[in-house]
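Before any comments, here is the structure.
Number of protein chains: 2
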Amino acid sequence: MDRPRFPARPFEPFAQEEYLARVERARAEMDRRRLDALVITTELNFRYFSGFDSQTWVSPTRPFYLVVPASAPLHAIIPTGSLVVMRETSWVEDIRTWPAPVPEDDGITLLADAIRALPRRHGGVGFELGHEMHLRMPVTDFLRLRDLVGPVELTDGTPVTRRLRMIKSPGEIARIRNAAHIVCDAFATLAAQFGPGDSERDACLRLTIDILRRGADRSPYLVAASGPGGYETINIGPTDRRLQAGDIFIIDTGTVVDGYFCDFDRNFAVGAAPSDTVRRLDAALFDATEAALAFAAPGVTCHDIWLTMARSLGEEAVRDSDVGRMGHGLGLAVTEPPSIHPADATVLEPGMVLTLEPGIGFRGPDGRKKVLVHEENFVVTETGCELLSKRGARQMPIVG
Amino acid sequence: MDRPRFPARPFEPFAQEEYLARVERARAEMDRRRLDALVITTELNFRYFSGFDSQTWVSPTRPFYLVVPASAPLHAIIPTGSLVVMRETSWVEDIRTWPAPVPEDDGITLLADAIRALPRRHGGVGFELGHEMHLRMPVTDFLRLRDLVGPVELTDGTPVTRRLRMIKSPGEIARIRNAAHIVCDAFATLAAQFGPGDSERDACLRLTIDILRRGADRSPYLVAASGPGGYETINIGPTDRRLQAGDIFIIDTGTVVDGYFCDFDRNFAVGAAPSDTVRRLDAALFDATEAALAFAAPGVTCHDIWLTMARSLGEEAVRDSDVGRMGHGLGLAVTEPPSIHPADATVLEPGMVLTLEPGIGFRGPDGRKKVLVHEENFVVTETGCELLSKRGARQMPIVG
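From first to last, the protein sequence lines stand for chains F and V. Taking the working numbering, the leading residue of the first sequence gets 1, the next gets one more, and so forth. Taking the working numbering, the leading residue of the second sequence gets 1001, the next gets one more, and so forth.
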């Protein structure tokens, strides 16, 4: 009987120094933005500062609050039921609890007290109110809190956490690289394990199981698409559609290992060599990512990288792809700022981890609109960039 | 080579009638609460009304809006990249798109236009602002929207969706039952597949893989705890701790199949019969759930069910357990209202699906505070209730 064992973990939990360095950077940003504290409500920001690692976030019932003051120790305000996990997984010592759920006061009095007790210098406290973000607490409670804290202004702290999380530490980069290698190895193994007659779901099931056996936490994002001579969209499926010779098949997965995401796709030609068109477009996408990898370096903007890939592909192809952007940041979340998009002027800095995700639209042999997408993950280094995923094949693998 | 296939799905996607019935019920509730529309931003409410089924919600980047008017057709306002998936998975025909992410106007003008164009009767529009809920859009955008829609009052619509989702349709109940049976069968198989020397993670990996092979979407919640003579908390792990003879081991999983959660746990005695204390407490928990299942029926309150279990267990045991509540609703989410809690006066109605989750605190042989928890899932019927999970063993299974 097959009794898989969970592989040894390559990493110890982050040392307290890692969190202290994050808090230090946060405080510098808070000072620039005239904030006396950040209040964190979302899972990944909470984990980023505190290390708190719990699956309880899956349940929408209970709010969690972490106060990161500019000039006082951090404190957590959490449901009593999570106290043991907080003590086990976090370095934060000041933990205040209430027996959630308490509909009439789900931690709000405790939070208001904490905010009122903050050393006051600027008068503003940053919450997660901005773009690509949401506040994980009832808005009615937030509005009530505004009244309770009197003269303290509850403002947008998103720029602080966005800026911080965009620059990864060596430990974070190592984890993303490890995640990417696990998924690359699983993709390589999968290529010999499916073919015509298997459904999209069959292939994804085999990949998912292999990824888990290699030590992943989970694959919260795992989509697949297929079609004769090309697929019509990404970001869908997998479905029960059975693969046929002549199909092009893509799987795209955001997989978490040790808390950090990799996010990339791989394409497969099913049972037959791809058409000349697909071969040509596939090579064009490979060349576009090559161009971007050669170009990406500190000082370059996201806009410039977009332009580099767009020029390599040709404008028409890009316009028809519907992909919208050609890459994004990743880390604790499967998508993070910045965006590789004409409107994003973010300047690359060492430690930024991004995807390259160029796509080309084309007309399939069945007359339908198709798309082909490549994706890789890389980190910006002092002098250029380093691929974190193992480079996809120059020529699309034929399976089955 | 092992090439698992994804099993045939027992259910077709919900027919349009299911969604129309949900909208009909929503409109009756909206009328009672004087709302001209609901605006939905969160994944599960969005799916509940529209059927939209996408993994893109994993990415925090893009907001999605669904407008459910009291007296006009539904419309969705979504990122262009999700248009194909919306058309494929949803019955909603009026779909408006924008090329997200657009930081300066991420769908807000479109949403404001839609709200201003609503037939106005009461003047209020319900958003997801209340307890056990959060708004999945930037709060700054919500505050801006309030200014943009002029005289329309953006108020709390949570009571409407909470009330609706609490009462499950026969199709929803069948899906939860199917999920629970899949996990019960996997737990039963697991009992022969681990023992002393395996880590908590090894056991959870085997269970997770088996659950996936049986056709589950995923197990977003899968925690485990173990210890000599008892574990100290739930809602943690799994860790790399190796199981030893004399341990008590619990796995608790919220697993999704066809979009619907089951959520329950199973306990195992590792390598040896449990102590007399654990045997006695295990029997007491079994009896408490028996008492609750005999008692649960339309007209009974959640408070009454809590009291039934508390009386069965004895007050002291409950006070020491730290569990807080002894069950909760479930469905599209792993935890939903109501709570089986002394303060929850919700009256049971046919179609409500809940967990029973009594716990007992005790002192372990090592002098440490331990807890033992049972959990089952049931649905309220016209005359009483029906177990959805297959009843856990009256005596804790001994493994290894």
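Built from N, CA and C at the ideal position, the CB exists for glycine as well.
Extent of the continuous alpha helix (DSSP H) run through residue i
i, result
"F/Val183", "170-190"
"F/Pro159", "158-166"
"V/Phe1142", "1139-1148"
"F/Val278", "276-295"
"F/Phe6", "Premise fails: F/Phe6 is in no alpha helix (DSSP H) and is neither H nor E."
"F/Glu43", "43-50"
Three-state class that DSSP yields for residue i in the structure shown
i, result
"F/Ile305", "helix"
"F/Ala100", "coil"
"V/Met1352", "strand"
"V/Ser1199", "strand"
"V/Asp1247", "strand"
"V/Val1085", "helix"
"F/Ser339", "strand"
"V/Thr1056", "helix"
"F/Val23", "helix"
"F/Glu232", "coil"
"V/Ala1155", "Reading off the sequence, residue 1155 of chain V comes out as Thr, not Ala. In this structure, V/Thr1155 counts as strand in the three-state DSSP scheme."
"V/Arg1213", "helix"
"V/Leu1313", "helix"
"V/Thr1253", "strand"
"V/Leu1129", "coil"
"V/Glu1029", "helix"
"F/Glu376", "strand"
"F/Ala114", "helix"
Through-space distance from residue j to residue i, alpha-carbon basis
i, j, result
"V/Pro1101", "F/Pro60", "25 Å"
"F/Arg25", "F/Asp53", "21 Å"
"V/Asp1113", "V/Leu1066", "13 Å"
"F/Phe286", "F/Ala186", "21 Å"
"F/Val68", "F/Ala76", "9 Å"
"F/Arg22", "F/Leu38", "13 Å"
"F/Leu330", "F/Phe49", "17 Å"
"V/Ile1248", "F/Pro397", "48 Å"
"F/Arg5", "V/Val1379", "36 Å"
"F/Thr277", "F/Leu222", "27 Å"
"V/Ile1250", "V/Ser1219", "16 Å"
"V/Gly1367", "V/Tyr1231", "12 Å"
"V/Leu1372", "V/Leu1356", "14 Å"
"F/Ile78", "F/Pro274", "54 Å"
"V/Arg1213", "F/Thr208", "10 Å"
"V/Ser1312", "V/Ala1291", "7 Å"
"V/Gly1107", "V/Thr1041", "12 Å"
"F/Ala310", "F/Ala283", "14 Å"
Within chain V, partners of residue i - CB distance below 7 Å
i, result
"F/Tyr221", "Gln1055, Val1058"
"F/Ser82", "Asn1235"
Which listed residue (the options) has its alpha carbon closest to that of residue i
i, options, result
"V/Ala1245", "V/Gly1400, V/Phe1011, V/Pro1013", "V/Gly1400"
"F/Glu12", "F/Leu354, F/Ala21, F/Arg162, F/Gly171", "F/Gly171"
"V/Gly1177", "V/Ile1360, V/Asp1258, V/Gly1271", "Residue identity check: residue 1177 of chain V is Arg in the sequence provided, not Gly. That would be V/Asp1258, whose Cα lies nearest to the Cα of V/Arg1177."
"V/Thr1239", "V/Thr1346, V/Arg1201, V/Gly1229, V/Ala1294", "V/Arg1201"
"V/Asp1217", "V/Phe1194, V/Arg1175, V/Leu1035, V/Leu1190", "V/Arg1175"
"F/Phe268", "F/Thr335, F/Phe295, F/Thr189, F/Arg162", "F/Thr189"
"F/Glu128", "V/Gly1126, V/Ala1225, V/Leu1135, V/Cys1184", "V/Leu1135"
"F/Thr80", "F/Phe64, F/Thr97, F/His374, F/Val92", "F/Thr97"
"V/Pro1196", "V/Trp1057, V/Ile1209, V/Arg1394, V/Pro1228", "V/Pro1228"
"V/Phe1295", "V/Glu1029, V/Leu1348, V/Asn1235", "V/Leu1348"
"F/Gly130", "F/Pro350, F/His122, F/Val152, F/Arg162", "F/Arg162"
"F/Phe132", "F/Gly107, F/Pro119, F/Glu336", "In the sequence under discussion, the amino acid at residue 132 of chain F is Glu, which differs from the Phe named in the question. The shortest Cα separation from F/Glu132 among F/Gly107, F/Pro119, F/Glu336 belongs to F/Glu336."
"V/Gly1351", "V/Gly1254, V/Val1256, V/Pro1298, V/Leu1293", "V/Pro1298"
"V/Trp1306", "V/Phe1194, V/Leu1207, V/Ala1343", "V/Ala1343"
"V/Ile1182", "V/Thr1381, V/Ser1389, V/Ala1345, V/Val1149", "V/Ser1389"
Extent of the continuous beta strand (DSSP E) to which residue i belongs
i, result
"F/Asp263", "260-270"
"F/Arg363", "359-363"
Residue i: contacting residues in chain F (beta-carbon distance under 7 Å)
i, result
"V/Asp1202", "Arg5, Phe6"
Interface partners of residue i on chain V, CB under 8 Å
i, result
"F/Met133", "Pro1060, Pro1138"
"F/Thr208", "Leu1212"
Residue i Cβ short of 7 Å to the ligand GTP heavy atom set
i, result
"F/Glu18", "Here there are no bound small molecules, and the ligand GTP is not part of this structure."
Amino acids of chain V, ordered along the chain, whose beta-carbon sits closer than 9 Å to that of residue i
i, result
"F/Leu196", "One detail in the question is off: residue 196 of chain F reads as Pro in this sequence, not Leu. Under the 9 Å cutoff, chain V gives no residues; its nearest Cβ is about 13 Å from F/Pro196."
"F/Asp156", "Pro1138, Val1139, Thr1140"
Partner residues on chain F for residue i, Cβ-Cβ distance less than 9 Å
i, result
"V/Leu1190", "Within chain F, no residue comes near V/Leu1190; the closest Cβ sits about 10 Å away, beyond 9 Å."
Beta-carbon neighbours of residue i, restricted to chain F and to distances below 8 Å
i, result
"V/Leu1205", "Pro4, Arg5, Phe6, Leu212, Arg213"
Which of the residues in the region 1135-1149 of chain V, read from start to end, lie with their CB under 9 Å from any CB of chain B? Note that chain B does not occur in the displayed structure, where the protein chains are F and V.
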